[in-house]
Amino acid sequence: MNRRLFLLSSGASAMAGPALAAPLPVPPSGRIGFRVLRNGTPIGEHHLVFTQSGDTLRVDLHVALLVRLAGISFFRYTAQATEIWSDGAFQSVYSQVNDNGNHLQVQAERIANGYAIKGTHVPRYIGHPNTLPLTYWNKAMLYGTILNIQTAHSYPAIVRSPGWNRLPTADGGSVVAQRFDVTGKLHLSVWYDQYAQWSGLAFHVDGYETYERLPA
Numbered sequence: 002m003n004r005r006l007f008l009l010s011s012g013a014s015a016m017a018g019p020a021l022a023a024p025l026p027v028p029p030s031g032r033i034g035f036r037v038l039r040n041g042t043p044i045g046e047h048h049l050v051f052t053q054s055g056d057t058l059r060v061d062l063h064v065a066l067l068v069r070l071a072g073i074s075f076f077r078y079t080a081q082a083t084e085i086w087s088d089g090a091f092q093s094v095y096s097q098v099n100d101n102g103n104h105l106q107v108q109a110e111r112i113a114n115g116y117a118i119k120g121t122h123v124p125r126y127i128g129h130p131n132t133l134p135l136t137y138w139n140k141a142m143l144y145g146t147i148l149n150i151q152t153a154h155s156y157p158a159i160v161r162s163p164g165w166n167r168l169p170t171a172d173g174g175s176v177v178a179q180r181f182d183v184t185g186k187l188h189l190s191v192w193y194d195q196y197a198q199w200s201g202l203a204f205h206v207d208g209y210e211t212y213e214r215l216p217a
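Here the sequence shown stands for residues 2 to 217, numbered as in this note's numbering.
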């Protein structure tokens, strides 16, 4: 199985808008968590923790997934990343991914003319000034250049919104959120509620994976 949690499509953006949101959509609790399901079966969790210190925002990402087949561990995926924002602007990200034994790292730092980006298999290059990391919590990523924090590739996305849906949550409740479909190399759907809070994710990669939001 080849994980694509952090992939989006290439191509020109079909939506116009700013690359940065103001203010940033930091949840009041300082946390966002999801239960991850594959074909309806829970396989792990995806968490984000937000820490504000003056004008600096730190966002820590933790993902741990395990797929079992007949009770035997079949596939394991973990990811950790740290984003730094200052005065509402994206400054840097550092990620480490274990894709079933394939270890990957990505680094990106803001410089005068954009972002200096490099990855395990990608030599250093300069990314567009409107680059944002593909960590989903900030809807502004749909309007800029998206940095894949697993591969270090960056690209715009083809995005459209078919409307609003009621999504199940991990505690048995529901949330109403706007759906955005991203197409290209990979098709996925991501949802944000009326407060621009990340509320759900769904995609097909060797199975149908969905995210259900955990209680704050």
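The beta-carbon is built from N, C-alpha and C at its ideal position, and this holds for glycine as well.
Asked, Found
"Going by CA-CA distance only, name the one from A90, G173, V160 that's closest to Q179.", "V160"
"Residues in its own chain within less than 6 Å of L189 by CB, not counting five upstream and five downstream?", "V183, F204"
"Identify whether Y144 lies in helix, strand or coil by the three-state DSSP scheme.", "helix"
"Label V98 either buried or exposed according to how many other C-beta atoms from any shown protein chain fall within 10 Å of its C-beta, with 16 as the threshold for buried.", "buried"
"Would you decide whether A71 is buried or exposed? Buried here means 16 or more other CB atoms lie within 10 Å of its CB.", "exposed"
"Just to confirm before moving on: does the CB-CB distance between L38 and T211 stay below 8 Å?", "yes"
"Is H129 helix, strand or coil by DSSP?", "coil"
"Where do the N-terminal and C-terminal ends of the beta strand (DSSP E) with V37 fall, by residue?", "32–39"
"Please say whether G128 and S155 have beta carbons closer to each other than 8 Å?", "yes"
"Which residues in the same chain have their Cβ closer than 8 Å to the Cβ of R125, if we skip the five residues on either side of it in sequence?", "A117, I118, K119"
"Please work out which residues of its chain come closer than 8 Å, Cβ to Cβ, to R32, disregarding the five sequence neighbours upstream and downstream, and give them in chain order.", "H48, L49, V50, F51, A217"
"For E213, which of W199, W86, H104 has the nearest alpha-carbon?", "W199"
"Cβ of L148 within 8 Å of Cβ of L168?", "no"
"Should S96 go down as buried or exposed, given a rule of 16 or more other Cβ atoms within 10 Å for buried?", "buried"
"Who pairs with D61 in a beta bridge, going by DSSP?", "V50, T83"
"Quick check on Q151: does DSSP put it in helix, strand or coil?", "coil"
"Comparing C-alpha positions only, which one of A109, I112, R111, Q81 sits nearest to D100?", "Q81"
"Do V68 and I85 have their beta-carbon atoms positioned less than 8 Å apart in this structure?", "no"
"Would you kindly work out how many angstroms separate the C-alpha atoms of T121 and H104, rounded to a whole number?", "8 Å"
"When DSSP builds the beta bridges, which residues end up paired with T42?", "R39"
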